[in-house]
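Protein chains in written order, with the UniProt record's numbering: chain S, 1 to 318; chain F, 1 to 318.
Every residue gets a Cβ at the ideal spot worked out from N, C-alpha and C, and that includes glycine.
Written out below as C-alpha cells is the structure these notes cover.
2 protein chains.
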Amino acid sequence: MPGFDDVLAAAARIAPHAHATPVLRSRTLDALAGCELHFKAEHLQRSGAFKFRGACNAVWSLGDAGAARGVVTHSSGNHGAALALAARTRRIPCHVVVPEGAVAAKLAAIAAYGATLHRCAPTIADREAACEQLRRATGAELVHPYTDPRVIAGQGTATLELLCTAGPLDALVVPVGGGGLAGGAALALAARAPGTALWLAEPTGAAETAESLRRGERVTGFLPDTVCDGLRGTLGAPNFGMLSRHGAQALVVDDADTVRAMRLVWRHCKQLVEPSSAVALAAVLANPERFAGQRVGIVLSGGNVDLDALPGLFALGR
Amino acid sequence: MPGFDDVLAAAARIAPHAHATPVLRSRTLDALAGCELHFKAEHLQRSGAFKFRGACNAVWSLGDAGAARGVVTHSSGNHGAALALAARTRRIPCHVVVPEGAVAAKLAAIAAYGATLHRCAPTIADREAACEQLRRATGAELVHPYTDPRVIAGQGTATLELLCTAGPLDALVVPVGGGGLAGGAALALAARAPGTALWLAEPTGAAETAESLRRGERVTGFLPDTVCDGLRGTLGAPNFGMLSRHGAQALVVDDADTVRAMRLVWRHCKQLVEPSSAVALAAVLANPERFAGQRVGIVLSGGNVDLDALPGLFALGR
Numbered sequence: 001m002p003g004f005d006d007v008l009a010a011a012a013r014i015a016p017h018a019h020a021t022p023v024l025r026s027r028t029l030d031a032l033a034g035c036e037l038h039f040k041a042e043h044l045q046r047s048g049a050f051k052f053r054g055a056c057n058a059v060w061s062l063g064d065a066g067a068a069r070g071v072v073t074h075s076s077g078n079h080g081a082a083l084a085l086a087a088r089t090r091r092i093p094c095h096v097v098v099p100e101g102a103v104a105a106k107l108a109a110i111a112a113y114g115a116t117l118h119r120c121a122p123t124i125a126d127r128e129a130a131c132e133q134l135r136r137a138t139g140a141e142l143v144h145p146y147t148d149p150r151v152i153a154g155q156g157t158a159t160l161e162l163l164c165t166a167g168p169l170d171a172l173v174v175p176v177g178g179g180g181l182a183g184g185a186a187l188a189l190a191a192r193a194p195g196t197a198l199w200l201a202e203p204t205g206a207a208e209t210a211e212s213l214r215r216g217e218r219v220t221g222f223l224p225d226t227v228c229d230g231l232r233g234t235l236g237a238p239n240f241g242m243l244s245r246h247g248a249q250a251l252v253v254d255d256a257d258t259v260r261a262m263r264l265v266w267r268h269c270k271q272l273v274e275p276s277s278a279v280a281l282a283a284v285l286a287n288p289e290r291f292a293g294q295r296v297g298i299v300l301s302g303g304n305v306d307l308d309a310l311p312g313l314f315a316l317g318r
Numbered sequence: 001m002p003g004f005d006d007v008l009a010a011a012a013r014i015a016p017h018a019h020a021t022p023v024l025r026s027r028t029l030d031a032l033a034g035c036e037l038h039f040k041a042e043h044l045q046r047s048g049a050f051k052f053r054g055a056c057n058a059v060w061s062l063g064d065a066g067a068a069r070g071v072v073t074h075s076s077g078n079h080g081a082a083l084a085l086a087a088r089t090r091r092i093p094c095h096v097v098v099p100e101g102a103v104a105a106k107l108a109a110i111a112a113y114g115a116t117l118h119r120c121a122p123t124i125a126d127r128e129a130a131c132e133q134l135r136r137a138t139g140a141e142l143v144h145p146y147t148d149p150r151v152i153a154g155q156g157t158a159t160l161e162l163l164c165t166a167g168p169l170d171a172l173v174v175p176v177g178g179g180g181l182a183g184g185a186a187l188a189l190a191a192r193a194p195g196t197a198l199w200l201a202e203p204t205g206a207a208e209t210a211e212s213l214r215r216g217e218r219v220t221g222f223l224p225d226t227v228c229d230g231l232r233g234t235l236g237a238p239n240f241g242m243l244s245r246h247g248a249q250a251l252v253v254d255d256a257d258t259v260r261a262m263r264l265v266w267r268h269c270k271q272l273v274e275p276s277s278a279v280a281l282a283a284v285l286a287n288p289e290r291f292a293g294q295r296v297g298i299v300l301s302g303g304n305v306d307l308d309a310l311p312g313l314f315a316l317g318r
C-alpha cells in the first residue's frame, strides 16, 4: 500500500517529465452548479490523461537493470498510451497487450508513442495470460493500470497540485473506475486536506464502487455498460481498501447526464474532455444540495475522445 | 484610422475586463508542421472569441452620456455576443440586429448576455437599415464589427500580448474575414515586430482578400461559400488599406483542409476551436516550405462551434 510519502516522492520523480496542469474556472458553470468549481485540467496532461502521472512514476521508479528490460501492461485505453509515452521518456521498451476489437485510433496512439502492440482475445483472463507470458519472455516489469502502488502514488500528485493551486476545498469529486486516481486522491487529502470530502463519481452502468462501499466488501463480476470507456475497469482490491477506510462516498450518474455535462465543458470552457472526465461534473450538477455554495475541486481526467463516435455520443445526451 | 497608440490605449482600457489569454504549444503539431507554433488562445477569451477585445474597447471608449444610450450592431455571430457581453460589463443597453434564419444557439448566446435582439430580413441592406433605424430611435452608438477604429485597435491587443508572451516571431498567421483582427495585427507588428511577416489565412469560398491584394484594389460582391462562418464578411475598406500598405500576404485554404486542421487542434491540444480559427493552422500545414523551421504565431480566433452541426462538418474533413 502506498502512503503520502510515496505521493511526495512521485511528485519529485515525475516533475521533469509531466506537466503541472492548470486549474480552470468558468463563471457560467459556477452559476449553473451553484458552487465554485475548480477544474484540474488533466486532459492537458501528456498523453491526454492523468494516467501519465502513475505510469511515469512507475517507469522512473525502476532500477537501471530492471528498466532496461522494459515494461508491460494490458490496456486499450489511456493507461496503455501513458505507459508507452512514459517508457519513451526513459528510452526503454514497452509492451502493451490489447484486446481484439479495440478502437483503432486508440491503438494507433499507443503505437505512435513507440510501444509494441500484442493482440489477444478480449477477455480479462486472456489479457492477463498474455501479459504474464510477455513478462516471462522479456523480463519486462508489469505495471498494472490501477492496483500498482507506484501508479496510485503517481495519480495522487494530481490532487496534490490541485490543492496547491486552488487552495482549501470543501469537496473533491473524481471519476472512479479501477480506483487509481481516487486512491491517490485519498492519500493526498488525508495528509493535506483532511476536512475535504472525497466524492467518487461513477456511471450507472459500472457502479460497483457504490455497491462495494454500501456493502462494505468489494463486489466484482459486473458487466460494465457505459459510454465512459475509461471507467469500465473493476475497482481494485487495494483501491477499495483505501477508499473505504478514507470514508469516500460514491455518486452514481446516468450516461445521458454525463454527455450533457461533457457538452457543457466543451461549450463553456472550450476544453475537449472525454465522457469519463465529465462524469464528475455531472455528479455535482445532479446533486446541487450536496455542494451548494462550496468550493469544489473536480479532476477532468482525460481528453481522448473518439471524434468519429461523436454523433452517437451526442444522441445520448439530448 | 487607428494607430499603434490606440492599440496601447485599448490594452489599458480592456485590461480590467478581458482575459490575457495563454499561448499554447504542442510538440505533435510542431512535428507535423515542421516549425514552432505558438497558438494565441483567443477561443478562451470572454464570449469565446477575440471579438470581445474590440467590442470592449469600443464600449469603454464612450463618454458616460453616450454610453448611457447604449450600443447597436448587426451580427448573428461572435461580434454580436462580444458586444452584448462588453455592454454588460458597463451595464449599458445593447441592441443586436440579427437576420432571419440565423443559428438559434448563437442568438440564444447573444440574448443570454443581456442584449435585445431585433430580427430583420437576411440581406446586408436590410441589416444596415435596421441598425440605422435603431440608432436614430435610441441614440445608441453603432459599433461596426471590423471597420470601427476602436474595434481594430482592440483586436490589435491580441497580437501585442502574443508578442510579449511568445517572444520574436518569424511569421504571424491570422484568419481574415472583415479584417479587424488582421488590421489590428498589422498595427502591432509594424510597431513592435516589423520583421515578422503577416500572413492572412482565408477560405477558398470567401477569398476576396487574396483577390483584393492581388489586384491592388478592394474587391466586393463575393458570395461567400465556406464553413468558416466567422469569415464570411467582406473585407472592410479601412482594413484593406491597412493590410495592403503593411504588405500582408494571403494564403487561401480549402474548407476540407480547415476541418482537418480543426480536428488536429481538438485531438492534440484538446482545445475546442471553431473552423474560422483552424484556417490559420491549415494555411501553415498546406504551405510547409514557407514556414519550415520558423517561429510562427497563430491566432486561434474563437471556439464557438455549433456542436449539433458537427457530423456535417466532420464529413467534410475526411
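Three or more beta-carbon pairs drawn from the stretch 262 to 273 of chain S and the stretch 23 to 34 of chain S are found closer than 8 Å, and the two stretches are therefore classed as touching. Within the same chain, Cβ atoms closer than 7 Å to the Cβ of A82(S) are found at S47, A49, K51, F52 and A55, the five residues on either side in sequence being excluded. A direct Cα-Cα distance of roughly 12 Å separates A129(F) from R119(F).
Taken residue by residue, none of the stretch 183 to 200 of chain S has a beta-carbon sitting less than 7 Å from a beta-carbon on chain F. Just so you know, the alpha carbons of D148(F) and D170(S) end up roughly 47 Å apart. At a cut-off of 9 Å between beta carbons, F314(F) contacts chain S. Around the beta-carbon of P168(F), fewer than 16 other beta-carbon atoms lie within 10 Å, marking it exposed. Within the stretch 216 to 233 of chain F, no residue has its Cβ closer than 9 Å to any Cβ of chain S. The beta carbon of P16(S) does not come within 9 Å of any beta carbon belonging to chain F, so the residue lies off that interface.
Assignment of R260(S) by DSSP, reduced to helix, strand and coil, places it in the helix class.
The beta carbon of T204(S) lies closer than 8 Å to those of T226, V252, V253, D254 and D255 in the same chain, with the five residues before and after it left out. The residue among P275(F), H95(F) and V296(F) with its C-alpha nearest the C-alpha of G195(F) is V296(F). Excluding the 5 residues flanking it on each side, A166(F) has same chain C-beta neighbours closer than 7 Å at V23, H38 and G297, in chain order. Distance from the CA atom of G241(F) to the CA atom of T123(F), rounded to whole angstroms, is 25 Å.
Runs of the beta strand (DSSP E) spanning 3 or more residues and lying entirely within the stretch 190 to 258 of chain S occur at 197 to 203 and 249 to 253, in chain order. For D255(F), not one C-beta of chain S is nearer than 9 Å to its own C-beta.
Where I124(S) is concerned, the enclosing alpha helix (DSSP H) starts and stops at I124 to T138. Every beta strand (DSSP E) stretch that sits fully inside the stretch 13 to 54 of chain S and reaches 3 residues is listed by chain position as 36 to 41. Cβ contact annotation for A10(S) (same chain, cutoff 6 Å, sequence separation greater than five): N57, A153, G154 and T157, in chain order. A buried status is given to A206(S), since no fewer than 16 other beta-carbon atoms sit within 10 Å of its beta-carbon. At a beta-carbon threshold of 9 Å, the residues of chain S lying near H43(F) are K270, ordered along the chain.
Interface criterion not met: the Cβ of V98(S) is under 9 Å from no Cβ in chain F. Comparing alpha carbon positions, the residue from L85(S), A292(S), V97(S) and F314(S) closest to E132(S) is V97(S). P99(F) is not a Cβ neighbour of L310(S), given a cutoff of 9 Å. With distances taken between CA atoms, A292(S) lies nearest to A33(S) out of N78(S), A33(S) and P16(S). Spatial neighbours of A102(F) in its own chain (CB-CB distance under 7 Å, excluding positions within 5 residues in sequence) are listed in chain order as S76. Excluding five sequence positions before and after G80(S), the CB atoms of its chain that fall closer than 6 Å to its own CB belong to V96 and I110, given in chain order.
Distances from the CA of R215(F) to each of C228(F), A250(F) and P16(F) were compared; the closest alpha carbon is that of A250(F).
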